[in-house]
Amino acid sequence: AAAMHLGASPFSVYNTYSAPQIEHLAGDAESRVVVTERAFLETIRKATQQSEYLEHIVVVDGEGEGGTLTLDDVEARAEDGFDFEAAWRAVEPDDVLTLIYTSGTTGPPKGVQISHANLLAASRSFDELIQFGQGARVVSYLPMAHIAERSCTQYLPMAFGFSTTDCPDPRQIAAYLPEVRPTWWFSVPRVWEKLKAGLEASFAAEEDENRKQAVAWALDVGRRRVRAEQAGEELSNELGEEHAKADAMVLSKIRERIGLDQLEACNVGAAPTPPETIEFFHAIGVPLAELWGMSETCGAGTCNRPGHIKIGTVGQASPGVEISLAEDGELLMRSDVVMLGYRNMPEQTAETIDAEGWLHTGDVAEIDDEGFVKIVDRKKELIISAAGKNMSPANIEAKLKAAGPLIGQAVCIGDARQYNVALITIDPDMAPGFAKQHGIAESSPDRLVDEPAVLEQIQKEVDDANADLARVEQIKRFTILRQEWEPGGDELTPTMKLKRKPIAEKYAGEIEALYDG
């Protein structure tokens with residue numbers, strides 16, 4: 001906040017980035033100051049040793065060394081008589097507030113320039129949608145280089161005065177939720193999917209048969225209510241009474257157990273979310289609403305409003321946002337939330353924002369009669385089979401990951417092919433429980449690949465996913481990989497998006513074997 005008031009443009013990078021990657025970003029941004037933890041100091045030194053712009057490296061923990069500054073050093077350098085009031089009043093609405101470097105699924109990251117005016121427009125839009133109340137609470141756990149995390153746990157709390165609790169290790173988020181009991185929570189689909197899988201595993205492992213049956217009954221009642229509401233049907237008195245009983249006896253206790261019992265709103269976005277996942281949380285009384293946005297739009301775009309949610313869509317245009325479809329189905333957007341442009345990339349900026357101010361999102365979409373938007377897939381990622389059928393790999397992959405607990409990541413291959421195949425990884429968080437349940441001594445994914453019970457379970461999950469897909473979309477063959485895919489690695493961006501081209505190159509042998517066999 002202090003840097004923003006001074007007119008500086010603070011931005012974050014993923015701590016998984018290598019020194020050459022950070023060197024590129026720091027050079028592109030012409031960074032004069034780098035603030036880091038000691039654990040990353042060596043990487044920062046390597047990344048900035050040739051920088052013509054860098055003036056200071058500030059280490060926030062421990063003593064300074066080798067020309068670095070501590071926070072105490074920074075405070076000691078404060079100028080007497082500095083006019084803070086004049087400094088912040090000199091900041092203009094169109095000045096660059098921050099840079100969001102896109103994670104780059106195909107090429108080098110692009111620096112999205114977000115202005116103060118952009119962010120204020122997005123904040124007003126979110127507030128009109130969510131209507132943040134006094135005493136709102138959020139949990140911060142995603143990387144600050146992600147626009148969603150920056151908006152949800154930094155900018156919005158600054159603007160509307162609610163509290164943020166930091167969870168330094170994303171793997172501990174499930175433990176933080178019951179402590180904080182957030183009133184609003186945003187997360188990416190994979191976290192919601194893992195939370196769902198964990199609950200379902202605990203339900204299945206319940207040894208008390210009466211409790212097990214009670215949970216199954218309550219979930220069934222919850223699903224019947226959700227499906228009736230989604231179909232626009234009037235809730236019968238009988239179902240209403242049964243649901244009230246199920247909620248009091250079971251569902252409310254599930255929400256309390258996972259720390260989501262005080263939610264006023266919650267959202268999911270940044271990647272496709274299986275409708276089954278959203279339905280599950282609605283069934284237990286968690287009003288999960290899917291939204292859509294981009295770094296280029298401050299994360300704003302479309303959203304399902306609280307109390308007006310259509311599962312399977314990303315909602316309607318957010319307040320202050322215009323949307324339209326191009327002739328080829330690409331979603332277009334125009335709003336004050338749209339970025340100033342890509343830093344040092346005028347040609348790419350002109351390709352993305354046309355002369356009439358429409359942002360070409362790169363997403364193919366459908367808009368229904370009520371204005372609800374359904375994202376089909378990224379325009380450049382659609383699969384066109386050898387027979388000329390257009391398919392969404394993201395939709396197929398979402399079905400696979402939603403079909404059961406053991407599939408961690410999945411990538412669908414099928415462009416210019418006769419049929420679709422998949423590369424699948426085992427979910428490392430679900431593996432130990434599965435191994436214990438089946439009496440398997442080794443629980444690491446690379447060992448489980450050879451277990452018949454694992455192959456049988458993965459085959460069942462693929463079959464279940466195929467049952468919800470058109471014949472041409474179905475996975476005909478698959479292979480289970482021994483590797484775990486980590487965010488920021490060869491296969492996933494830091495925001496857990498698939499790097500399709502690098503995956504296809506790295507696993508070319510495995511892919512060809514699926515078509516040759």
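Mapping of the sequence shown onto full-length UniProt numbering: position 294 corresponds to residue 294, and the numbering continues sequentially without gaps.
C-beta: ideal position from N, C-alpha, C; glycine also.
Review point. If we ignore side chains and look at the alpha-carbon of each, how far apart do residue 118 and residue 238 end up?
Key: 49 Å
Exercise for review: Just tell me which of 328, 338, 492 and 52 has its CA closest to the CA of residue 409.
Suggested key: 492
**Study point:** Spatial neighbours of residue 342 in its chain, beta-carbon cut-off 8 Å, leaving aside the 5 residues before and after
**Key:** 110, 111, 112, 113, 348, 349 and 352
Practice item. Leaving out five residues on either side along the sequence, give the residues of the same chain with a beta carbon under 6 Å from the beta carbon of residue 335. Key: 320 and 321
Check your understanding: If we ignore side chains and look at the alpha-carbon of each, how far apart do residue 196 and residue 231 end up?
Key -> 23 Å
Review point. According to DSSP, which residues form a beta bridge with residue 374?
Key: 366
Practice item. Leaving aside the five residues before and after residue 160 along the sequence, list all residues of the same chain whose C-beta is less than 8 Å from its C-beta, in chain order. Key: 123, 127, 132 and 136
Check your understanding: What three-state label does DSSP hand residue 115 in the structure shown?
Key -> strand
Review point. Which residue's Cα is closest to the Cα of residue 174: 99, 257, 157 and 189?
Key: 257
Review point. How long is the line joining the alpha carbons of residue 390 and residue 498, rounded to whole angstroms?
Key: 19 Å
**Study point:** Residue nearest to residue 477 in terms of C-alpha spacing, selected from 266, 513, 134 and 307
**Key:** 513
Review point. What's the call for residue 249, buried or exposed, on a 16-neighbour Cβ count within 10 Å?
Key: exposed
Practice item. Please specify which runs of the beta strand (DSSP E), each continuous and at least 3 residues long, are wholly inside the region 400-475, giving them in chain order. Key: 407-413 and 420-426
Exercise for review: Compute the Euclidean distance between the alpha carbons of residue 259 and residue 2, then round it to the nearest angstrom.
Suggested key: 33 Å
Review point. Who are residue 323's beta bridge partners in DSSP?
Key: 333
Point to revise | Inter-residue CB distance, residue 440 and residue 451 (contact presumed, cutoff 8 Å) | key: 6 Å
**Study point:** As assigned by DSSP and simplified to three states, the class of residue 31
**Key:** coil
**Study point:** Reduced DSSP category for residue 125 - H, G, I as helix; E, B as strand; rest coil
**Key:** helix
Practice item. Can you grab the Cα-Cα spacing for the pair residue 402 / residue 181, in whole Å? Key: 26 Å
Check your understanding: Any chance the region 412-421 sits against the region 465-485, with 3 or more Cβ pairs inside 8 Å?
Key -> yes
Practice item. Kindly provide the ranges of any alpha helix (DSSP H) runs that are 4 or more residues long and lie completely inside the region 184-221, ordered along the chain. Key: 189-205
Review point. For residue 316, which three-state DSSP category applies?
Key: strand
Point to revise | Coil, strand or helix - residue 249 by DSSP | key: helix
Check your understanding: What is the rounded straight-line gap between the Cα of residue 149 and the Cα of residue 432?
Key -> 30 Å
Exercise for review: Closer than 8 Å by C-beta to residue 214: which residues in its own chain qualify, once you throw out the five before and the five after it? Chain order, please.
Suggested key: 249 and 250
Point to revise | Range of the contiguous beta strand (DSSP E) that encloses residue 292 | key: 288-293
Review point. So which of 207, 240 and 233 has the shortest CA-CA distance to residue 218?
Key: 240
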